[in-house]
Structures are given as structure tokens and as C-alpha cells.
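Novice:
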Amino acid sequence: MTTLLALDTATEACSVALLHDGRMLSHYEVIPRLHAQRLLPMIQALLGEAGIALSAVDALAFGRGPGAFTGVRIAVGVVQGLAFALQRPVLPVSTLATIAQRAHREHGAEQVATAIDARMDEVYWGCYRLHGGEMQLAGIEAVLPPEQASLPRGSEGPWFGAGTGWGYGARIAVSPAATDAALLPHAEDLLRLAGFAWQRGEALEADQAQPIYLRDNVATPKTAR
Numbered sequence: 000m001t002t003l004l005a006l007d008t009a010t011e012a013c014s015v016a017l018l019h020d021g022r023m024l025s026h027y028e029v030i031p032r033l034h035a036q037r038l039l040p041m042i043q044a045l046l047g048e049a050g051i052a053l054s055a056v057d058a059l060a061f062g063r064g065p066g067a068f069t070g071v072r073i074a075v076g077v078v079q080g081l082a083f084a085l086q087r088p089v090l091p092v093s094t095l096a097t098i099a100q101r102a103h104r105e106h107g108a109e110q111v112a113t114a115i116d117a118r119m120d121e122v123y124w125g126c127y128r129l130h131g132g133e134m135q136l137a138g139i140e141a142v143l144p145p146e147q148a149s150l151p152r153g154s155e156g157p158w159f160g161a162g163t164g165w166g167y168g169a170r171i172a173v174s175p176a177a178t179d180a181a182l183l184p185h186a187e188d189l190l191r192l193a194g195f196a197w198q199r200g201e202a203l204e205a206d207q208a209q210p211i212y213l214r215d216n217v218a219t220p221k222t223a224r
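Heads up: the sequence shown begins at 0 in numbering that gives the first Met the number 0, then just goes up one per residue.
Written out as C-alpha cells, the structure is:
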């Protein structure tokens, strides 16, 4: 059976999850600014709980963003280091999709409008629909002012609003049936999405593990002077 390790540090939450012998284990903490100190100990504790060595892992999944710039970089750095050392592939997973998957797990939502507070008076925005147990993107992911957020064309039925960006709910021209503005990404849900990607053969080489910021001025390297 495939053994997958997932980690996420893209928001205030820091979490890891492990799929081994068909059983899922996870650790989750909301610890702003402590991700770098806690992530590796959390991974070691999880492996210890499962009774396996890191070398037993077949692939490593990670939250590739969007989210807090420093947090996303921590996840990419750690997963690249481990993947290079183990010579294992990686599975990048959208932070917005992970939150949508959690909304399905905890609230039974099948259509989710995910919004993360992006600071600078903007939100990271993405809409997802459930297909075969997997939250799949409908449209595109974007960073935009709350007033510009919208549902995909031709949308029908109830939508669920998930993520910290719904703190701007009064400014978003979308009326979901319910919202959970406290919902953060959880590695357990990231792992479920990574499992679908793994089955489709979407794993990448370690050097292809790249963050997705959505903001061009952050994602574009500075030119040499």
C-alpha cells in the first residue's frame, strides 16, 4: 500500500498527516509564527506514532499556497529537503482546495467558495465542486479585492463559504447558504487531495516543488542589478 506524508504551513495552522497501511494519522496546531520550529518535530512524532521510518514514505505532499509567504516557503523548503534526501516525488496541493475539502469533511458542503485573507485589502479566492469525493477547481484561483469575488458562470444550488477571507463577507457579492470564516487548511484534507493526484500520476520531481503566491510581484524574482 502507498505511504504518503503531507504537511501544510500556509496559514496560522501547522499540520502534518500520514497515510500508511490504509490508516490516516494527523497532528494539527494553530501556532502563528512557530511553524519553522514545530514542523519537523511534528513529522517525527507522527512517524513514531505510526511506527515507521521516514524512508517508508513513497511521496510527500505539501500546501503550495496561496497563503502567508513565509509559511508557504517553509513547507516548500522542508518538503524539498526531505524529497531530495529520500529521492521521493512530491505532490503540490492548493491551500484553497484543501480548505474546500475540509468544508466537505466537516460540513458536508459540495460547492465551496474558499476565501483566505490575503492582507492588503484582498482575498485569495477559488470555487470548488465535489466530484467523486474530491474538491475540484471550478474556474481559476485569484487574488482580488473582496468586491470582485464571484461564483463560476452558470452556478446553481447552495454554496458554502469557507476560510478567513469571509471576514470580508459583507463586501463579497456572493450569498452562500452558510459560512465558516474560522476554517483553516488541515493536512488530513490535503492528504486526501494528494491521494487523488497520486492515483492520476501527477507526482513531480523534488526540484519542481514551487510555491504559488498568486501575486506576481512576489512570485517574480528580482532582476539583477
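Every residue gets a Cβ at the ideal spot worked out from N, C-alpha and C, and that includes glycine.
1) My output table needs one value for Glu140: the three-state DSSP class, helix, strand or coil.
2) What residue from Pro65, His19, Gln36 and Ala58 has the CA that sits closest to Asp48's CA?
3) Cutting at 7 Å between CB atoms, please list the residues of its own chain near Gly66, excluding the five before and the five after it.
4) Taking contact to mean 3 or more Cβ pairs, one atom from each stretch, closer than 8 Å, check whether the segment 156–167 and the segment 67–75 are in contact.
5) In terms of DSSP beta bridges, what is Ala96 paired with?
6) Measure the Cβ-Cβ separation of Met41 and Val78 and say whether it is below 8 Å.
7) Which same chain residues end up closer than 6 Å to Leu4 when comparing Cβ atoms and leaving out the 5 residues on each side of it in sequence?
8) Could you check whether the segment 93–107 touches the segment 180–199, counting it as contact only if at least three pairs of C-beta atoms, one from each stretch, sit closer than 8 Å?
9) If you follow the beta strand (DSSP E) that Gly160 is in, where does it begin and where does it stop?
10) So for Leu4, helix, strand or coil by DSSP?
11) Give me, in chain order, the residues of the same chain whose beta-carbon lies closer than 7 Å to that of Glu204; leave out the 5 immediate sequence neighbours on both sides.
12) Would you list, in sequence order, the uninterrupted alpha helix (DSSP H) runs of no fewer than 4 residues that lie entirely inside the segment 144–213?
13) Taking Pro210 as the reference, give the member of Ala172, Thr113, Pro151 and Leu90 with the closest Cα.
14) Apply the 10 Å Cβ neighbour rule to Thr1 and answer buried if 16 or more other Cβ atoms are within range, or exposed otherwise.
Specialist: On the basis of the data shown:
1) Residue state, collapsed to three classes: coil.
2) Reading the sequence as shown, one finds Glu at residue 48 and not Asp. His19 is the residue among Pro65, His19, Gln36 and Ala58 whose C-alpha sits nearest the C-alpha of Glu48.
3) Ala9, Thr10, Thr94 and Ile115, listed in sequence order.
4) Flag = no, the segment 156–167 and the segment 67–75 do not touch.
5) For Ala96, which the question treats as bridged, DSSP gives no partner whatsoever.
6) Against a cut-off of 8 Å, the Cβ pair of Val78 and Met41 comes out as no contact.
7) Here the set comprises Leu17, Val56 and Leu59.
8) Per the Cβ contact rule, the segment 93–107 is in contact with the segment 180–199 (3 or more Cβ pairs under 8 Å).
9) It spans Phe159 to Ala161 - the beta strand (DSSP E) in which Gly160 sits, taken as one unbroken run.
10) Looking at Leu4 - three-state DSSP - the assignment turns out to be strand.
11) So the qualifying residues of the chain are Pro88.
12) Taking only runs of at least 4 residues, the alpha helix (DSSP H) segments lying wholly in the segment 144–213 are 186–198.
13) The option with the nearest alpha carbon to Pro210 is Leu90.
14) A residue is called buried once 16 or more other Cβ atoms fall within 10 Å of its Cβ, and Thr1, having fewer, is exposed.
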